[in-house]
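*Asks:*
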Amino acid sequence: MLSDQFIQKLRCPQTTSPLHLLTEAELTQVNRAAEVGKLVNQVGLPAERPLQAGLRNDDRSLIYPVWDDIPTLIPEEAFPWNLEAE
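Laid out in structure tokens, this is it:
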């Protein structure tokens, strides 16, 4: 699990805003979108598997996946947060 101290040091590579760990409810919403092929990264590729965790930026426009406790902060691999209707 990512420590709070570690997460506090992270910044969104695109907006430079702080990153926050997704809540359980947010993670569930994101993974439901992934299951039906609606979670697509910034280069148009769908999530290949459910996220184990995720980090979101301050304005909730981007989600960065976390697998095996390793955050993926590559801008192209971020998922736009467009899940309001989910």
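Under our numbering, residues 5 to 90 are what the sequence shown spells out, in order. We put the beta carbon where it would ideally sit given N, CA and C, even for glycine. As the structure is a computational prediction, the values presented were derived from the model and not from experiment.
Residues in the same chain with beta-carbon distance under 6 Å from residue 54, minus the five sequence neighbours each way, listed in chain order, please.
*Replies:* Cβ within range, chain order: 35, 38.
*Asks:* According to the Cβ coordinates, are residue 25 and residue 15 closer than 8 Å?
*Replies:* Not in contact: residue 25 and residue 15 (Cβ atoms no closer than 8 Å).
*Asks:* Whole angstroms are fine: how far does the CA of residue 69 sit from the CA of residue 8?
*Replies:* Going by the C-alpha atoms only, they are around 16 Å apart.
*Asks:* Could you pull the start and end residues of the beta strand (DSSP E) that residue 67 belongs to?
*Replies:* Unbroken beta strand (DSSP E) run through residue 67: 66–71.
*Asks:* Please name the residue or residues paired with residue 44 in a DSSP beta bridge.
*Replies:* Note: residue 44 sits in a beta bridge opposite 50.
*Asks:* Could you check the C-alpha separation between residue 75 and residue 58 for me, to the nearest Å?
*Replies:* Approximately 8 Å between the Cα atoms of the pair.
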